[in-house]
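Chains as they are written, first to last, in my numbering: chain A, 438 to 845; chain B, 438 to 845.
Glycine included, every Cβ here is placed at the ideal spot set by N, Cα and C.
Here's the structure, in structure tokens; my notes come after.
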């Protein structure tokens, strides 16, 4: 019963994160921005750059990290619950094309800029090609959490554009796993062959397909039994246990937590108790998702934006170029499926935020010594910029008359 | 971002705890017992004694511990929300008398048995008086969590007996803090004088009184502002942040987390948004409270019940005597306020469970070397027995015709 952290201390941090998230979320809405932008800014304020309230190391940080992961898992579970599989399949080819182009272009841009064009901050990097691969990889990510939350805040989850974006972001996460495996292998000095790449891809896709197929058959029967139990909130508790279990299973076999969580939602959307589950999951998710967004905000290092910071000017210049490449690459993805009719700029902007996924790539590169502090800083600024630019962008686009469909 | 524990691993443990809690809770209800008894047994099964699924050390254990504390805090917050202060004051003298007798008698019984009567397992104890003080102290605790949950499961939270029990258990927690300070001081070789005792008492009582008085004035005005915010679930999030903040404040100034949580509930029961808050807090609490009860069950060491265990026979004999003393002492407390009319046996049984509070006392004694393994084992068995005996006892008593009031 001895702890190297204090429970009252963590409770205070959580209370501060929740209150700050809601206050700044409210402020964001009042000035016409999505609430999630306010939550991210709340994180920046509570993070190490300003107030330093959110712990960054030790058991406290691990607990906040776990609660944040619970938050993104519950968010993706909720999104899965709201997902109409038939509608997703109807826009499936569009999602696939958007995801593919949205991965390929930013990677190519990032790699080419880093490997072939003259720029600051590359001095002293031992392996420029390897470094360029990491820079490119970081730009491929899409944070489904940020975009989904914005779409949900704007009440646009049921538009075809939202379905294309969510589908593409999930596919992007699968591609991200493949890229992660390859670059992690490279960073560790192991070359990952085409077979290894195929295996990761097969595991991630196979998990999603098998889980949804089997789950759609088993879950309705299981939950018809669960609903006959008398204990309180038994549906809710089983639904959340199901989401936790499937998330963990996905992660353990080499896929990602959020893919399992999304699959769990899609599966339970086929049960007869779907309405009750969705209604009761919402308040639980509403407590955890702000922890996630505040955590993402708290990981931002404002010092990198200071030109007076050592090498800050160079970092900012590189970051500006990378940010433009990152945004252009994803925006272009909106035009990837000319045979489907949808608002292309909306989809492109929806794919822009890199969020926590980009941070993970960048962090692996830094720890492996492939990205030096300056490059890491520039990549981080890019991740931050893309994450913060998407919410107001989407708000602006959806705010325009929806009759003005931009089609190819 | 490196962790010495695995997030998927913790997710699986949580999923197992939730599912087991609901399955065994259901089983308990089907055989006519309260669900919480099933949740405690689920904990025993998942604990180190049987399956060993719930982690007992390392970061994983600390995370489960924190989530369990969140569970008991949310439970006490819910109970506070349902508490009618006027009704509590109406039975206040009864609660106070029940608490005082329920602390004094078990302490006297435990101390006298250990210090003056011949028994096994006391061989080799250096300071028998000190050891006897710890044994007595362990018997004074009342686990408000267990009893409150049983009363709530049985739909009896609004009976006068329930109010007396909850009031007495809260007062017992305050007295427990005083006893804890004294015995912890003793264990550390520091003598705590009458002034020190008074200070702890004043802090705990003062916190409760000031928090409720100030809170009852400030909170309705604050929440009238909060409800005008537009962001989703803003009432729920602020209410939970308030509960976390007040719990932490209570613990930090030297009172207990659950006293702060209870005060937060009492305070918010005076807001105009009380109904919405209570309605939305319930599903959130329903996820965390099972974690608490399963954790309490998981801390049970079944090996101590095995007569073949080293010294097991002696331990069991001592445990049997202590259990009888522990039960008789609390039952007698039911007759402590002859001037108020209530079902005395119900109140007595409601005060019996020692739960996690007893475990904390015993653990301090063991770590200070004041209780050897055998005594610690006997005390633990007593805590377990009292915790497991109360739920079916209350169920039995409330099952009888409520017209048969047992009054002095």
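For residue 643 of chain B and residue 690 of chain A, the gap between their C-alpha atoms comes out near 54 Å.
Sequence-distant Cβ neighbours of residue 821 of chain A in its own chain, meaning closer than 7 Å and more than five residues away, are 737. Interface annotation for the stretch 654-672 of chain B against chain A: 666, 667, 668, 669, 670, 671, criterion Cβ-Cβ distance under 8 Å. DSSP places residue 515 of chain A within a helical segment (H, G or I) once states are collapsed to three. Counting only runs of 3+ residues, no beta strand (DSSP E) is found wholly inside the stretch 758-802 of chain A. Counting C-beta pairs closer than 8 Å gives fewer than three between the stretch 484-492 of chain B and the stretch 693-705 of chain A, which falls short of the contact rule.
Among the residues facing chain B, residue 832 of chain A is not included, as its CB has no counterpart in that chain under 8 Å away. When the alpha-carbon of residue 603 of chain B is set against those of B:769, B:565, B:579, B:485, the nearest one is in B:579. If you draw a straight line from the Cα of residue 800 of chain A to the Cα of residue 622 of chain A, it is about 14 Å long. Against chain A, the CB of residue 580 of chain B has no partner CB under 8 Å away; the residue lies outside that interface. In the same chain as residue 471 of chain A, and ignoring 5 residues on each side of it, the C-beta atoms closer than 6 Å to its own belong to 587, 590, 828, 832, in chain order. A residue is called buried when at least 16 other Cβ atoms come within 10 angstroms of its Cβ; residue 468 of chain B does not meet this threshold and is exposed.
DSSP places residue 550 of chain A inside the alpha helix (DSSP H), whose first and last residues are 529-553.
About 6 Å separates the Cβ atoms of residue 512 of chain A and residue 722 of chain A, confirming a contact at the 8 Å cut-off. The beta carbon of residue 715 of chain B sits no closer than 8 Å to any beta carbon of chain A. Taking every protein chain shown into account, the CB of residue 767 of chain A has 16 or more other CB atoms within 10 angstroms, so this residue is buried. Between residue 708 of chain A and chain B, the shortest Cβ-Cβ separation is not below 8 Å. Distance from the CA atom of residue 595 of chain B to the CA atom of residue 537 of chain B, rounded to whole angstroms, is 23 Å. Note that the stretch 625-641 of chain B does not touch the stretch 664-679 of chain B; fewer than 3 beta-carbon pairs, one per stretch, sit closer than 8 Å. Assignment of alpha helix (DSSP H) within the stretch 677-752 of chain A, counting only whole runs of 4 or more residues, yields 694-705, 711-735 in chain order.
The stretch 585-641 of chain B is shown to contain no whole beta strand (DSSP E) run of 3 or more residues. Within the same chain, Cβ atoms closer than 6 Å to the Cβ of residue 474 of chain A are found at 465, 828, the five residues on either side in sequence being excluded. Excluding sequence positions up to five before and after residue 482 of chain B, its CB lies within less than 7 Å of the CB of 457, 488, all in the same chain and listed in chain order. No residue range can be given for residue 666 of chain A, since it is assigned to no alpha helix (DSSP H) and is classified by DSSP as neither H nor E.
With respect to the C-alpha of residue 501 of chain A, the residue from A:452, A:570, A:576 having the closest C-alpha is A:452.
When only Cα atoms are considered, residue 817 of chain B and residue 584 of chain B end up about 19 Å apart. In terms of Cβ geometry, residue 607 of chain B and residue 653 of chain B do not form a close pair [threshold 8 Å]. A Cβ-Cβ separation of about 7 Å places residue 719 of chain B in contact with residue 515 of chain B under the 8 Å criterion.
Here residue 814 of chain B is buried, its C-beta having at least 16 other C-beta atoms within 10 Å.
Closest by C-alpha distance to residue 454 of chain A, out of A:442, A:443, A:484, is A:484. The closest CA to that of residue 574 of chain B, considering only B:444, B:786, B:597, B:544, is found on B:544.
Residue 490 of chain B: not part of any alpha helix (DSSP H); DSSP gives it neither H nor E.
Contact with chain B is found for residue 674 of chain A, since one of that chain's Cβ atoms lies less than 8 Å from the residue's Cβ.
Using beta-carbon distances, residue 677 of chain A counts as an interface residue toward chain B, with a partner under 8 Å. In the three-state reduction of the DSSP assignment, residue 661 of chain A falls in the helix class, which pools H, G and I.
Closer than 9 Å at the C-beta level to chain B, one finds these residues of the stretch 460-475 of chain A: 460, 462, 463, 465, 466, 467, 472, 475.
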